[in-house]
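Since the structure comes first, as structure tokens, the remarks are kept for the end.
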Amino acid sequence: MDGVHDMGGMDGFGRVEPESNEPVFHAPWEGRVLAMQRSLGYAGAWPIDASRFAQEQLPPRTYLSASYYQRWALAMERNLVERGYAGADELSAGHALRGGKPFARKLTPDLVKDGKEGMTRGSFYRQAQAPARFRPGDRVRTKNIHPPTHTRLPRYARGRTGVIELVHGCNVFPDTMAIDKGDNPQWLYTVAFEAKELWGPDADPTLKVSIDAFEPYLEPA
Amino acid sequence: MTEHDQHEGSSELSETQLRVRALETVLTEKGYIDLAALDLIIEAYETKIGPHTGARVVAKAWRDPAFKRALLDDGSKAVRALGHESRVGDHLVAVENTPARHNMVVCTLCSCYPWDVLGLPPVWYKSAPYRSRAVKDPRGVLAEFGIKLPASTEIRVWDSTAETRFLVLPMRPRGTEGWSEERLAQLITRDAMIGTGLPKRPEEVA
Chain X
7 MDGVHDMGGM DGFGRVEPES NEPVFHAPWE GRVLAMQRSL GYAGAWPIDA SRFAQEQLPP
67 RTYLSASYYQ RWALAMERNL VERGYAGADE LSAGHALRGG KPFARKLTPD LVKDGKEGMT
127 RGSFYRQAQA PARFRPGDRV RTKNIHPPTH TRLPRYARGR TGVIELVHGC NVFPDTMAID
187 KGDNPQWLYT VAFEAKELWG PDADPTLKVS IDAFEPYLEP A
Chain B
9 MTEHDQHEGS SELSETQLRV RALETVLTEK GYIDLAALDL IIEAYETKIG PHTGARVVAK
69 AWRDPAFKRA LLDDGSKAVR ALGHESRVGD HLVAVENTPA RHNMVVCTLC SCYPWDVLGL
129 PPVWYKSAPY RSRAVKDPRG VLAEFGIKLP ASTEIRVWDS TAETRFLVLP MRPRGTEGWS
189 EERLAQLITR DAMIGTGLPK RPEEVA
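Protein chains in written order, with the working numbering: chain X, 7 to 227; chain B, 9 to 214.
Now the structure itself:
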């Protein structure tokens, strides 16, 4: 969707302000949100793509004013309610009013301690369904698409010509994962663009930008 | 969150705290989460997972040409072979800085970041200024970090739009010949591995 989350190339947000000696968390609740998200991810509640899509659907004003972990919490609430794991009334009450809808598994302390299952990302690789359409060095054009749902093709790189640089194998396709239409594996490529192709003739001539693009985003150029 | 709690300040924090506590209580009562597991996850990110892992990887690559080749060839495999406690996901790509090319990593669409090797991302990495400008005006962004590169250096920005994660392999500073991995690792900052910084100079560390 063409939301405010798709920030590449926007002006007006001001300077980047690094914080010296930044703590891992700025408040204890941030860590709680992260750990709850990790636990629900392990449980198989919904894919990361659905978490991202829920954030993208926050009202623009909320998206821009909430902090990173506030957005996570808001997206978590949305997914819990939409998928029937909790009621909005329960979140308001601060207590469960009904029984839970069971998950396949639960993240327990022993799984976190051994550092394998609980603390790592699963693989996003999948078996290839067809040969890769492109090879390194091929010129490709990104499609000019504007799906109203989740996509990982940023606006600034739509309808642009670039060169395939890396072929990453077949990965789950976020555009379908986010809307519960399956993992729909697709070849994934790093595509590099000259800055002038993205930003016009006045762009920094020494700049190249790459995106990781799924095959359905691309056509031969 | 409701409109009034979007503003900075303690009232906003307390409302967020209450809301997060409500989430935690509901999820616990429904049997979805284990609070002891939550504590351990938080502790791991506060004490174990951080940029020291990435620094060890870079230091080894600086000293060991075969490891450097392996790292550039398959980042995940090379890092996993070092046997880190927390297994690195299988989508890590290391990109090498050279005198001709400087690499910088961003995620314009959310805040994707190589957690396994760098820990949790700093606030600026997740901020709108960085996400919006890194792909269009990286030299301007670098200037805000106090970095000025030669005008002829190619700048390559990697937008992390999929599950691939990028680790910048910075250039080894001069004057570090014969240094051990441990000593070299002290030069390697988190920002150097994102591409918004450079390694420390030898005289900056003991």
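Glycine is no exception: its CB is placed at the ideal position from the N, C-alpha and C atoms. None of the values given here were measured: they were computed from a predicted structure.
Nearest to residue i by CA position, among the options, is which residue?
i	options	result
X:H174	B:L100, B:R29, B:K208, B:G183	B:L100
X:D190	X:V215, X:F220, X:A92, X:L213	Reading off the sequence shown, one finds Asn at residue 190 of chain X, where the question assumed Asp. Among X:V215, X:F220, X:A92, X:L213, the Cα nearest to that of X:N190 belongs to X:F220.
X:L113	B:K144, B:E37, B:A44	B:A44
B:K56	B:S84, B:R191, B:G127, B:R141	B:G127
X:S129	X:A198, X:A138, X:V30, X:N177	X:N177
X:S26	B:V131, B:D47, B:W166	B:V131
X:S216	X:A184, X:K187, X:R147, X:A72	X:R147
X:V169	X:M13, X:E225, X:H152	X:E225
X:Y48	X:R111, X:G143, X:M183	X:R111
X:R127	X:G50, X:M13, X:G18	X:G50
X:R145	X:H152, X:A184, X:T196, X:L117	X:T196
X:V30	X:G15, X:Y75, X:P66	X:Y75
X:D8	X:G165, X:L172, X:T155	X:T155
X:P34	B:T36, B:E37, B:T24, B:D42	B:T24
X:A138	X:A184, X:S45, X:P222, X:M183	X:P222
X:P108	B:L26, B:L35, B:G186	B:L35
X:E171	X:T182, X:G15, X:G143, X:H32	X:G143
X:F19	X:S71, X:D120, X:G106	X:S71
X:E23	B:F174, B:T161, B:W187, B:A151	B:A151
X:M16	B:K144, B:L157, B:E190, B:I155	B:K144
B:H188	B:A108, B:C115, B:K68	The identity of residue 188 of chain B in the sequence shown is Ser, whereas the question assumes His. Checking every option, the nearest Cα to that of B:S188 belongs to B:K68.
X:E28	B:K38, B:G58, B:S22, B:D81	B:G58
Looking only at its own chain, which residues have a Cβ that is under 6 angstroms from the Cβ of residue i, when we skip the five neighbours before and after it?
i	result
B:T197	G205
B:Q194	V213
X:A201	A209, D210, L213
B:D98	S84
X:A163	T148, I217
B:A86	A78, L79
X:K187	none
B:A74	none
X:E36	Y75
B:M9	Low confidence applies to B:M9: its pLDDT is 42, below 50, so where it sits in the model is not reliable, and the reading given next is rough at best. Contacts found: none.
X:R141	none
Using C-beta distances below 8 angstroms, list every residue in its chain close to residue i, excluding the 5 sequence neighbours before and after it, in chain order.
i	result
X:D95	L103
B:F7	Beyond the ends of chain B as shown, which are 9 and 214, falls residue 7 of chain B; an answer cannot be given.
B:P207	P178, M179, R180, P181, L195, I196, T197, A200
B:R119	Here the sequence assigns Ser to residue 119 of chain B, which means Arg is not the residue at that position. Closer than 8 angstroms at Cβ, skipping near neighbours: P129, Y133, K134, R139.
X:G93	V87, L103, R104
X:R166	R147, T148, F199, E203, L204
B:G62	P122, V125, L126, L175, I196, R198, M201
Going by beta carbon distance, what residues of the same chain come within less than 7 angstroms of residue i, once the five residues before and after it are set aside?
i	result
X:H11	Q61, E62, Y69
B:N105	N111, V176, L177, P178, M179
B:H12	Reliability fails at B:H12, whose pLDDT of 41 lies under 50, so the model's placement of it is uncertain and the value that follows must be treated cautiously. Excluding residues within five positions, none has a Cβ falling inside 7 angstroms.
B:A117	The sequence given here places Leu at residue 117 of chain B; Ala does not occur at that position. Within the same chain, B:L117 has close Cβ partners T169.
B:P146	M112, I163, V165
X:M125	V118
Please state whether the Cβ-Cβ distance between residue i and residue j is less than 8 angstroms.
i	j	result
B:P137	X:R38	no
B:V149	B:A159	no
B:I50	B:Y133	no
B:V103	B:V65	no
X:L46	B:Y40	yes
B:P210	B:T172	no
B:L48	X:V87	no
B:L26	X:M42	no
X:R84	X:W52	no
B:L192	B:W70	yes
B:D167	B:C115	yes
X:D120	X:P153	no
Relative to the ligand FMN, is the shortest distance from any of its heavy atoms to the C-beta of residue i smaller than 7 angstroms?
i	result
X:S45	The model on display carries no ligand, and the ligand FMN is accordingly not part of it.
TODO: Spell out a yes or no on whether the region 41–57 of chain X and the region 159–166 of chain X are touching, meaning 3 or more CB-CB pairs, one atom from each, closer than 8 angstroms.
DONE: Flag = no, the region 41–57 of chain X and the region 159–166 of chain X do not touch.
TODO: Would you check if there are 3 or more beta carbon pairs closer than 8 angstroms linking the region 179–195 of chain X to the region 130–138 of chain X?
DONE: Enough Cβ pairs lie closer than 8 angstroms, so yes.
Task: At least three beta-carbon pairs within less than 8 angstroms, the region 82–98 of chain X to the region 28–44 of chain B - done: Taking 8 angstroms as the limit for Cβ pairs, the verdict is that the region 28–44 of chain B does touch the region 82–98 of chain X.
Open item on the list: I want to know whether the region 73–83 of chain X touches the region 197–214 of chain X - three or more CB-CB distances under 8 angstroms.
Closed with: In this structure the region 73–83 of chain X does not touch the region 197–214 of chain X; the number of beta carbon pairs closer than 8 angstroms is below three.
- [ ] Please list the segments of the beta strand (DSSP E) lying wholly inside the region 155–226 of chain X, counting only runs of 3 or more residues, in order along the chain.
- [x] With a minimum length of 3 residues, the continuous beta strand (DSSP E) runs that stay inside the region 155–226 of chain X are 167–177, 192–200, 213–220, 224–226.
Task: Any alpha helix (DSSP H) of 4 or more consecutive residues that is wholly inside the region 79–112 of chain X - done: 94–99, all fully within the region 79–112 of chain X.
TODO: Starting from the N-terminal side, write out each stretch of the beta strand (DSSP E) that is 3 residues or longer and does not extend beyond the region 65–118 of chain B.
DONE: Taking only runs of at least 3 residues, the beta strand (DSSP E) segments lying wholly in the region 65–118 of chain B are 100–104, 109–114.
Task: Sequence ranges, beta strand (DSSP E) only - wholly within the region 146–197 of chain B, length at least 3 - done: Whole beta strand (DSSP E) segments, 3+ residues: 162–167, 173–177.
Task: 4-residue-minimum alpha helix (DSSP H) runs that sit fully inside the region 47–82 of chain X, ordered along the chain - done: Runs of the alpha helix (DSSP H) inside the region 47–82 of chain X: 54–62, 66–71.
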